[in-house]
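A.B. asks: From first to last, the protein sequence lines are chains A and B.
Going by my numbering, the first residue of the first sequence is number 7, and it counts up by one from there.
Going by my numbering, the first residue of the second sequence is number 375, and it counts up by one from there.
Pasting a structure here, questions to come.
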Amino acid sequence: MKALLIGEYRQGKLLDTTYELKAFADRLGADSVMLLVGSEAELPKYDGRLYLADAGAYGEYNPDLHKQLVLQAVEKEKPDCVVFVHSSYGWDLAPRVAVALKAGQVSEIVALNEGAYEVNACNAKLRRTVTPRSGRCVLTIQAGAFSPSGEPQGTPQLERLELSGAPSGIDFVGYEAAEQKGVDLSKAEVIVSAGRGVGKKDNVPVIAALADALGGELGASRPVVDAGWVDHSHQVGTTGQTVSPKLYVACGISGAIQHLAGMKKADFIVAINKDKDAPIGEIADVLVVADVMQFVPAFTARCAR
Amino acid sequence: MKILVCIKQVPDMESRFRPNGEKTWYDESDLAFRMNEYDEYAVEQAVQLKEQLGGEPEITVLSIGPERTVEAIKKALAMGGDRAVHIRDDRHYQKDPWQIASMIASYAKGEGFDLIFTGMQSQDRGSAQVGVIVAELLGLSCATTLVGFSYDGGTITVKRELEGGIKGVAKLKLPALVTCQLGLNTPRYPTLPNIMKAKKKEIASLTPAELSGEAELTATAAIYPPAKKGGGLVLEGEIGVQVDRLMGILKEKTAVLR
């Protein structure tokens, strides 16, 4: 079994998730080669062959060109699978490669199961085992699901990849930084977060009052931010802030993967949710099965006593 | 301008899910279905573009699924779609993203759409593949995970949501396909007059047999509830008792409460 691993590079830096690809290949028992559209100044520690294409020439986000580069490496290496991280880079590029190879794609793999791949369905309330029916397949792995077992080591043997004048329909303009205003949740010792389960914007102060009573900050899940109930600077999760407080209280948060990824390093997690089966219960130290708007005011009153 | 919006009907994610008899998907009985949340943003963006262009573009809504799917289609029409295509397929859940995308591309091929909107993924399967595969099959430029969209003279400017709050800005010339992320806009609620108007709009019906059929490239071997890791304490019952117990636990296990 041979895997072609597609590393990630953004704003001039190698992304750490690149190392999860190697960890996944090791778990598969696969030999691996890597491809990176990046720079020689930011090479991963990797004990193997690395196809390097220059991000200066091919852009950090130009999926049409990156697809061609991946296909070139596939042509040279004839791998059994091409592996991406299920990230904004990976989920954008992987299906393009899959179509070009007419290969089946399995998205966001969370575990291996006797040669088949396990993925979540229905907000992680169900799990599917998926098997590719094509000879070669394209895989994307959930960020954080396959952690490297030790410090990455090795110096890659470089091979340069180049394209000759392939056209692209996408013109990458640049990045827009995250807004800097608002709260820095990364340093908070206590975070009390509001989720969709709080019901409406008018109820958010009830959650903020608990944060106050515990001497902490208000956090929020994505739907609450998208609905405009809470400012984006409070958002916890993949596209918000990653936090590691001593206490995290999740109020009415079901526990979408992207949210869990941002808060699961908290020392102690309390979830308040009326759905006993909500995925947040899987990682909570204490799950209070209750209506948030009944429980939180009662708890705040007790803390303030 | 011709616009296509691809939508899916999915169960309410707050539901309880259990495998169906074949263990290939979830059991649909007792589930309430609605439009896939990401697709609501796709429909809204198409309607906003139509409004921006003075009502000139024609918006076609497409969905694949059984009879119940018509409800989601009607909602999209009430939000501002002009006409719809329903690919009636009771076995849709057995098809992989490649097969679903191939059906959509097979329909869209001769229609000459300038712009196609889809959600970035479905809430039930979540593979985030169908939109991109359709774009590849039709040879369209494609950008995913949009949280920003603007159109000016045949070029669209998109903002893609990346990790850690960063956004990537790119320009694409039409024809193009984009997939929409939550937060792109604020999907409208259909008004009663628009719901009434939608009843008169055309919903063409197609069968999978009328579209090019492809063999699956991946298959679901099994579906099951994930093993409970457990470990955590579950507090149920009367609120006052729950408060007392949580207070005791936090005092004992954390340094936060004294």
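Yeah, the Cβ is synthetic: ideal placement off N, Cα and C, and Gly gets one too.
Under a Cβ-count criterion, where at least 16 other Cβ atoms within 10 Å of its own Cβ denotes burial, should P211 (chain A) be classed as buried or exposed?
C.D. replies: In the first sequence, the residue the question calls residue 211 (chain A) occupies position 205. Per the 10 Å Cβ criterion, exposed.
A.B. asks: Are the CB atoms of P162 (chain A) and P50 (chain A) nearer to each other than 8 Å?
C.D. replies: Looking up residue 162 (chain A) in the first sequence gives position 156. Looking up residue 50 (chain A) in the first sequence gives position 44. Yes; because the gap between Cβ atoms is below 8 Å, this pair is in contact.
A.B. asks: Give the residues from the segment 495-509 of chain B that approach chain A closer than 9 Å (Cβ to any Cβ), ordered along the chain.
C.D. replies: If the cut-off is 9 Å between Cβ atoms, the segment 495-509 of chain B has Q495, Q497, D498, R499, G500, S501, A502, Q503, V504, G505, V506, I507, A509 near chain A.
A.B. asks: Between which two residues does the beta strand (DSSP E) holding S524 (chain B) run?
C.D. replies: Within the second sequence, residue 524 (chain B) is the residue found at index 150, counting from 1. 515-526 is the extent of the beta strand (DSSP E) around S524 (chain B).
A.B. asks: In chain A, what lies closer than 7 Å to R534 (chain B) by C-beta?
C.D. replies: Here residue 534 (chain B) is taken as the residue at index 160 of the second sequence, counted from 1. Residues of chain A passing the Cβ test: S94.
A.B. asks: Measuring only between beta-carbons, confirm whether Y400 (chain B) sits less than 8 Å from chain A.
C.D. replies: In the second sequence, counting from the first residue as 1, residue 400 (chain B) sits at position 26. So yes, Y400 (chain B) belongs to the interface.
A.B. asks: Taking only beta carbons into account, state which residues of the segment 524-554 of chain B come closer than 8 Å to chain A, listed in chain order.
C.D. replies: T531, K533, R534, E535, L536, E537, G538, G539, I540, K541, G542, V543, A544, K545, L546, K547, A550
A.B. asks: By the DSSP assignment, the beta strand (DSSP E) with P303 (chain A) in it spans what residues?
C.D. replies: For the purposes of this step, residue 303 (chain A) is identified with residue 297 of the first sequence, where counting begins at 1. Segment 298-310 is the alpha helix (DSSP H) holding P303 (chain A); no beta strand (DSSP E) there.
A.B. asks: Would L11 (chain A) pass as a contact of L118 (chain A) if the rule is Cβ separation under 8 Å?
C.D. replies: Along the first sequence, one-based indexing puts residue 11 (chain A) at 5. Along the first sequence, one-based indexing puts residue 118 (chain A) at 112. No.
A.B. asks: Out of B:K625, B:L405, B:R562, which has the shortest C-alpha to C-alpha gap to M387 (chain B)?
C.D. replies: Within the second sequence, the letter at position 13 stands for residue 387 (chain B). It is B:L405.
A.B. asks: For P385 (chain B), tell me which candidate among B:G500, B:V379, B:E402 has the shortest Cα-Cα distance.
C.D. replies: As a working mapping, residue 385 (chain B) is identified with position 11 in the second sequence. Of the candidates B:G500, B:V379, B:E402, the one whose C-alpha sits nearest the C-alpha of P385 (chain B) is B:E402.
A.B. asks: Between A595 (chain B) and chain A, is there a C-beta pair that is closer than 8 Å?
C.D. replies: Start at 1 with the first residue of the second sequence, and residue 595 (chain B) comes out as number 221. For A595 (chain B), the answer is yes, since a Cβ of chain A falls inside 8 Å of its Cβ.
A.B. asks: Do three or more CB pairs link the segment 164-175 of chain A to the segment 52-65 of chain A at distances below 8 Å?
C.D. replies: The segment 164-175 of chain A, when compared against the segment 52-65 of chain A, does touch it at the 8 Å Cβ threshold.
A.B. asks: Evaluate R311 (chain A) with the Cβ neighbour count: other Cβ atoms within 10 Å of its Cβ, from every protein chain shown; 16 or more gives buried, anything less gives exposed.
C.D. replies: For the purposes of this step, residue 311 (chain A) is identified with residue 305 of the first sequence, where counting begins at 1. Exposed, by the Cβ-count rule.
A.B. asks: S480 (chain B): buried (16+ other C-beta within 10 angstroms of its C-beta) or exposed?
C.D. replies: As a first step, residue 480 (chain B) must be located in the second sequence, where it is residue number 106. Buried, by the Cβ-count rule.
A.B. asks: Excluding sequence positions up to five away, which residues of its chain have a Cβ less than 6 Å from the Cβ of A104 (chain A)?
C.D. replies: Within the first sequence, the letter at position 98 stands for residue 104 (chain A). For A104 (chain A), where only same-chain residues beyond five positions count, the Cβ hits under 6 Å are Q111, V144.
A.B. asks: Answer with yes or no whether the minimum CB distance from T628 (chain B) to chain A is below 8 Å.
C.D. replies: Taking the first residue of the second sequence as 1, we reach residue 628 (chain B) at position 254. Under the Cβ distance rule, T628 (chain B) counts among the residues neighbouring chain A, one pair being separated by less than 8 Å.
A.B. asks: Rounded to a whole number of angstroms, what is the C-alpha to C-alpha distance between V379 (chain B) and L607 (chain B)?
C.D. replies: Counting from one through the second sequence, the residue named residue 379 (chain B) turns up at place 5. Counting from one through the second sequence, the residue named residue 607 (chain B) turns up at place 233. The alpha-carbon atoms of V379 (chain B) and L607 (chain B) are separated by roughly 45 Å.
A.B. asks: Could you check whether the Cβ of C128 (chain A) sits closer than 8 Å to any Cβ belonging to chain B?
C.D. replies: Along the first sequence, read from residue 1 onward, the residue named residue 128 (chain A) stands at position 122. It does; some Cβ of chain B falls within 8 Å.
A.B. asks: Residues of chain B with a CB under 9 Å from the CB of D281 (chain A): which are they?
C.D. replies: Walking along the first sequence from the start, residue 281 (chain A) turns up at place 275. The answer, in chain order, is E388, R390.
A.B. asks: Have a look at V89 (chain A) and E26 (chain A) and give me their C-alpha separation to the nearest angstrom.
C.D. replies: Against the first sequence, residue 89 (chain A) aligns to sequence position 83. Against the first sequence, residue 26 (chain A) aligns to sequence position 20. For V89 (chain A) and E26 (chain A), the distance between alpha carbons rounds to 10 Å.
A.B. asks: On the three-state DSSP scale, how would you describe T443 (chain B)?
C.D. replies: Residue mapping note: residue 443 (chain B) aligns to position 69 of the second sequence, counting from 1. Helix.
A.B. asks: Using only CA atoms, which one of A:R228, A:A184, A:G54, A:H72 lies nearest to G203 (chain A)?
C.D. replies: For the purposes of this step, residue 203 (chain A) is taken as the residue at position 197 of the first sequence. Of the candidates A:R228, A:A184, A:G54, A:H72, the one whose C-alpha sits nearest the C-alpha of G203 (chain A) is A:R228.
A.B. asks: Residues of chain B with CB closer than 9 Å to the CB of I115 (chain A), please, in chain order.
C.D. replies: Your numbering for residue 115 (chain A) matches position 109 in the first sequence. Simply none; closest approach about 11 Å.
A.B. asks: Taking 8 Å as the cut-off, decide whether the C-beta atoms of A277 (chain A) and A256 (chain A) are in contact.
C.D. replies: Here the question's residue 277 (chain A) lines up with position 271 in the first sequence. Here the question's residue 256 (chain A) lines up with position 250 in the first sequence. Their beta carbons are under 8 Å apart, which means A277 (chain A) touches A256 (chain A) by this criterion.
A.B. asks: The ligand NAP and K252 (chain A): does the residue's C-beta get closer than 7 Å to at least one heavy atom of that ligand?
C.D. replies: Ligands displayed in this structure: none; no statement on the ligand NAP is therefore possible.
A.B. asks: Would you mind stating whether I478 (chain B) and D456 (chain B) have Cβ atoms separated by less than 8 Å?
C.D. replies: Stepping through the second sequence from its first residue, residue 478 (chain B) is reached at position 104. Stepping through the second sequence from its first residue, residue 456 (chain B) is reached at position 82. No; because the gap between Cβ atoms is not below 8 Å, this pair is not in contact.
A.B. asks: Give me the subset of the segment 190-205 of chain A whose CB atoms are less than 8 Å from a CB atom of chain B, sorted by chain position.
C.D. replies: E195, V196
A.B. asks: For the putative contact between R442 (chain B) and D283 (chain A), defined by C-beta atoms under 8 Å, what is the C-beta separation to the nearest angstrom?
C.D. replies: Translated into the one-based positions of the second sequence, residue 442 (chain B) becomes position 68. Translated into the one-based positions of the first sequence, residue 283 (chain A) becomes position 277. Not quite, the Cβ-Cβ distance comes to about 24 Å (not below 8 Å), so this is no contact.
A.B. asks: Would you grab the beta carbon distance between A517 (chain B) and V552 (chain B) for me? Rounded to a whole angstrom, and I think it's under 8 Å.
C.D. replies: Start at 1 with the first residue of the second sequence, and residue 517 (chain B) comes out as number 143. Start at 1 with the first residue of the second sequence, and residue 552 (chain B) comes out as number 178. Going by Cβ atoms, the distance from A517 (chain B) to V552 (chain B) rounds to 5 Å, so yes, they are a contact pair.
A.B. asks: Where are the alpha helix (DSSP H) runs, 4 residues long or more, that stay fully inside the segment 14-97 of chain A, in chain order?
C.D. replies: If only uninterrupted alpha helix (DSSP H) runs of at least 4 residues are considered, those enclosed by the segment 14-97 of chain A are 24-34, 61-64, 69-83.
A.B. asks: Can you pull the DSSP bridge partners for K533 (chain B)?
C.D. replies: Translated into positions along the second sequence, residue 533 (chain B) becomes position 159. Here K533 (chain B) is bridged, per DSSP, to B:G522, B:V543.
A.B. asks: Unbroken beta strand (DSSP E) runs of length 3 or more, entirely within the segment 550-576 of chain B: which are they?
C.D. replies: Complete beta strand (DSSP E) runs here, min 3: 550-554.
A.B. asks: Residues of chain A with CB under 7 Å from A517 (chain B), in chain order?
C.D. replies: Within the second sequence, numbered from 1, the residue matching residue 517 (chain B) stands at position 143. Near A517 (chain B) (Cβ distances below 7 Å), the residues of chain A are I176.
A.B. asks: Between B:V444, B:D470, B:A450, which lies nearest to R462 (chain B) when the distance is taken from Cα to Cα?
C.D. replies: Your numbering for residue 462 (chain B) matches position 88 in the second sequence. Selected option, being the one with the closest Cα: B:V444.
A.B. asks: Between the alpha carbons of V302 (chain A) and D618 (chain B), how many angstroms are there, rounded?
C.D. replies: One-based indexing of the first sequence puts residue 302 (chain A) at position 296. One-based indexing of the second sequence puts residue 618 (chain B) at position 244. Approximately 13 Å, taken between the alpha carbons.
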